[in-house]
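>
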Amino acid sequence: CCQNFEVVERGIYFIPGWRDEPHSTIKFLDFATGRTTSVADLTGFAAYGFSLSPDRRSILYSQYEPPASDLWIVEHFR
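Okay, structure coming up:
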């Protein structure tokens, strides 16, 4: 919960808690106006922490993936 934010001179980029949401959203709180706007909708749930590039044009984040496994049948293997 508490690692998903980045403070910049004009505001805070953050990912709010996702209890009842179908996916994560990156938001920005503008210090001057007090308004919060959505920056990006993610395809899943963000893991803890993210990083913002110095020019604020790119965000690097990790995302939870559901556990999965594959079962393969290999016939006539030598």
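Note that this note's numbering has the sequence shown beginning at 1377, numbered continuously upward.
We put the beta carbon where it would ideally sit given N, CA and C, even for glycine.
(1) Spatial neighbours of Thr1419 within its chain, please: C-beta separation below 8 Å, excluding the five flanking residues on both sides.
(2) Indicate the three-state DSSP secondary structure (helix, strand or coil) for Ile1449 in the structure shown.
(3) Three or more C-beta pairs under 8 Å: does that hold for the region 1422-1430 against the region 1403-1413?
(4) By the DSSP assignment, the beta strand (DSSP E) with Glu1382 in it spans what residues?
(5) Going by beta-carbon coordinates alone, are Ser1445 and Leu1436 separated by less than 8 Å?
Taking the structure as given:
(1) His1399 and Gln1439
(2) coil
(3) no
(4) Phe1381 to Val1384
(5) no
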